[in-house]
Structure formats: C-alpha cells, structure tokens
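The letter at position 74 of the sequence shown is residue 74 when you use my numbering, and the numbering goes up by one with no holes.
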Amino acid sequence: MFELIQKASQKEDEKEAKKLAKRLKVAKVLEEKEQQKELKKEEKKDELEQVKKEYLEAKKKKKIESRKQKLKSKNERPVEVEEKKVKKRVRFAL
1 MFELIQKASQ KEDEKEAKKL AKRLKVAKVL EEKEQQKELK KEEKKDELEQ
51 VKKEYLEAKK KKKIESRKQK LKSKNERPVE VEEKKVKKRV RFAL
C-alpha cells in the first residue's frame, strides 16, 4: 500500500516537474524573441542614425559648396563703377 502511494506521489512529482520544465522552456523562448525584437530595434535605430548623419553631412557639404560658388562668382564679376548722374537743374519762370 505504501508503495502505491509512493508511486502515485512520484508520478505527480514528475508531472509537476514536466509542467515546470515546459513553462521554463516557453518563458525562455519568449525571452529570446523579446531579445531579438530589441536587437532589431537597436539595429534599425543605428541604421536610421547613420542615414541621418550622412544626410546632414551631405547637406552641410552642399551648403559649403554653395557659399564657395557664391564667393567665386562674386569675385569673378567685374566691379562696376557707378557713374554719378548729374542732375540737370531746370528753373521755371513764373
């Protein structure tokens, strides 16, 4: 009789152990998926930061080139001397 009780309790312990193992396995899988999601988020964030950095650098270079071009065109333009226009004075007789 004692052996039957012992076997029954052993089976119950095994069932509980299997349940716990299954729960741990599921928790581990969920944790791995969550880590993969976080890793993907970080990779995407890094990629976006890199694209933003490249964009800002290109914009800065374009602005610098534009300034250089303006200075160059300004320096190449001949200096126009404005001639003073002599105003003619007209007197009206009344």
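Cβ atoms here follow ideal geometry from the backbone N, Cα and C, with glycine treated the same way.
Everything numeric in this text was worked out from a predicted model, so none of it was measured.
Rounded to whole angstroms, what is the Cα-Cα separation between residue i and residue j?
i, j, result
"Y55", "K61", "10 Å"
"Q10", "K18", "12 Å"
"R23", "V29", "10 Å"
"E65", "Q35", "45 Å"
"L20", "K7", "20 Å"
"E76", "R67", "14 Å"
"K52", "K41", "16 Å"
"E31", "L39", "12 Å"
"K63", "E57", "10 Å"
"E16", "K25", "14 Å"
Mapping the DSSP letters down to three states, classify residue i as helix, strand or coil.
i, result
"V51", "helix"
"R67", "helix"
"K61", "helix"
"R23", "helix"
"V86", "coil"
"F92", "coil"
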